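Note that my numbering has the sequence shown beginning at 138, numbered continuously upward.
Where a beta carbon is used, it is the ideal one built from N, C-alpha and C, also for glycine.
Bear in mind the structure is a predicted one, so any value in this text is a computation, not a measurement.
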Amino acid sequence: MNPAPHLVLVGPMGAGKTSIGRRLAARLGLPFTDMDARIEANAGAKVTTIFQLEGEAGFRARERAMLDEVLRAPSQVIAAGGGVVLADDNRRALRERAFVVCLDLDVDGQLERLARDRTRPLLQRDDREAVLRDLAQARAPLYAEVADLRFATDGMKPEDAATALATIVDAQWRRSEAAA
């Protein structure tokens, strides 16, 4: 969507939504929100704990509420969780109220970036590669459905990706005011 009040980054885990998003927001002179971090702050618990106590369904309910909250706030850059696209209502809200950039990263790149990461609830299994391939297959069409722009982050450092992406976004996104 163009114009839109918010710039939202979606994509698979490890694609750089938080690290690139923080730098991109600084370049664009906008506040930055990491949805998972906000969910953790509101819950007083890590995402892994929320998954353990409430299951994925409980976390997704919190994610839906957080997306609604951040999309009603003043313009900002938002790093959404990788699974935000799973809910129809979330995809509709993203299409209606955000310029959505899908950060693309192939499974090999994800495995490399997430090799030492033990905080991702969906990766708490022995065959991480199979999990990532299954997630990629299931979510790719949903990312495509909401994306106004696709940006590959393979082999890029966050600072370089943010610089390149800022130039592209500046040419394609016309920011409007957020509606409450």
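For this session: Have a look at Ala141, Gly148 and Thr170 and flag the residue whose alpha-carbon is nearest the alpha-carbon of Gly246.
Result: When Ala141, Gly148 and Thr170 are compared, the shortest CA-CA separation from Gly246 is found for Gly148.
Problem set entry | Selection from Val207, Ser212 and Trp310 that minimises the alpha carbon distance to Val221 | Of the candidates Val207, Ser212 and Trp310, the one whose C-alpha sits nearest the C-alpha of Val221 is Val207.
Problem set entry | Supposed contact pair Pro142 and Ser212 - C-beta distance, whole angstroms, cut 8 Å | 5 Å
Exercise. Helix or strand or just coil, what does DSSP make of Met138?
Worked result: With a pLDDT of 49 at Met138, under the threshold of 50, the modelled position of this residue cannot be trusted; read the value that follows with caution. Residue state, collapsed to three classes: coil.
Exercise. Would a C-beta distance cut-off of 9 Å place Gly158 and Val214 closer than the cut-off?
Worked result: yes
For this session: Would you mind sorting Asp271 into buried or exposed? The rule is 16 or more other CB atoms within 10 Å of its CB.
Result: Around the beta carbon of Asp271, a 10 Å sphere encloses fewer than 16 other beta carbons of the protein chains shown; the residue is thus reported as exposed.
Exercise. Do you know offhand how far Leu165's Cα is from Phe236's?
Worked result: 14 Å
Exercise. Does the Cβ-Cβ distance between Asp243 and Asp291 come in under 9 Å?
Worked result: yes
Exercise. Taking Cβ to Cβ, would you say Asn227 is nearer than 9 Å to Glu200?
Worked result: yes
For this session: Rounded to whole angstroms, what's the CA-CA distance from Met138 to Val145? Just pull it up for me.
Result: Caution applies to Met138, whose pLDDT of 49 falls short of 50 and renders its modelled position unreliable; the value that the coordinates give is listed next. So the alpha carbons of these two residues sit roughly 11 Å apart.
For this session: List the endpoints of the continuous alpha helix (DSSP H) containing Arg262.
Result: That residue, Arg262, is in no alpha helix (DSSP H); it is neither H nor E in DSSP.
Problem set entry | Local conformation of Val291 per DSSP, three classes | At residue 291 the sequence reads Asp, which differs from the Val that was named. Coil at Asp291, not helix or strand.
Exercise. Who are Phe188's beta bridge partners in DSSP?
Worked result: Note: Phe188 sits in no beta bridge, so no partner.
Problem set entry | The alpha helix (DSSP H) enclosing Thr178, as first and last residue numbers | Note that residue 178 is Ala in the sequence shown here, rather than Thr. Where Ala178 is concerned, the enclosing alpha helix (DSSP H) stretches over Met172 to Ala180.
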